[in-house]
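Engineer: Residue numbers (my numbering): 8 to 136. Note that beta-carbon positions come from the ideal geometry of N, C-alpha and C, so glycine has one too. Pasting in a structure now, in structure tokens, and then I'll have a few things to ask.
Here it is in structure tokens:
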């Protein structure tokens, strides 16, 4: 399969593989989850798996908020997202243009289906070489 035919659903981390966090959890918990899993960001979802925001290590480093604050106070709410059928070429272009390293994949109801990372893109390209 050529790069131009690959879709998000073909290479994304599935929702069961993606570490996430709830909006009312503490910043300290988010730091711990990221550290223990060696990841740089967490989708913020509600109890129905609806994507509400995203929290990154960068967010944590640039804020004066202590670990006692809730994730919803720091998370990014304006997100770039994609659908499972979005061509990976479009996602890669969006990442290059915006500098975003992780793009949540959502269904038509706004529920988290998976996550595309820069590593996901690199693996696709590597497999095609």
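Reducing DSSP to helix, strand and coil, say where residue 69 ends up.
Structural biologist: In this structure, residue 69 counts as coil in the three-state DSSP scheme.
Engineer: By a C-beta neighbour count over all protein chains shown, 10 Å radius and 16 as the cutoff for buried, is residue 63 buried or exposed?
Structural biologist: The residue in question, residue 63, is buried, as its Cβ has 16 or more Cβ neighbours within 10 Å.
Engineer: Could you please give me the residues that DSSP links to residue 14 through a beta bridge?
Structural biologist: In the DSSP output, where bridge partners are listed per residue, residue 14 has 94.
Engineer: Where DSSP assigns a beta bridge to residue 109, which residues make up the other side?
Structural biologist: The partner list for residue 109 (beta bridge, DSSP) reads 124.
Engineer: Three or more C-beta pairs closer than 8 angstroms, one from the region 117-136 and one from the region 33-40: is that the case here?
Structural biologist: The region 117-136, when compared against the region 33-40, does not touch it at the 8 angstroms Cβ threshold.
Engineer: Mapping the DSSP letters down to three states, classify residue 52 as helix, strand or coil.
Structural biologist: Residue 52 falls in the strand class under three-state DSSP.
Engineer: Can you say whether residue 14 is buried or exposed, counting buried as having 16 or more other CB atoms within 10 angstroms of its CB?
Structural biologist: With 16 or more other Cβ atoms within 10 Å, it is buried.
Engineer: Check whether the Cβ atoms of residue 86 and residue 61 lie closer than 8 angstroms to each other.
Structural biologist: Going by C-beta atoms, residue 86 is nearer than 8 angstroms to residue 61.
Engineer: Alpha carbon to alpha carbon, how far is residue 109 from residue 134? Give it in angstroms, no decimals.
Structural biologist: In a straight line, the C-alpha of residue 134 is about 20 angstroms away from that of residue 109.
Engineer: Grab the span of the alpha helix (DSSP H) containing residue 36 for me, first residue to last.
Structural biologist: First-last of the alpha helix (DSSP H) with residue 36: 34-44.
Engineer: Taking the continuous beta strand (DSSP E) assigned at residue 83, which residues delimit it?
Structural biologist: Unbroken run through residue 83: none, as it is neither H nor E.
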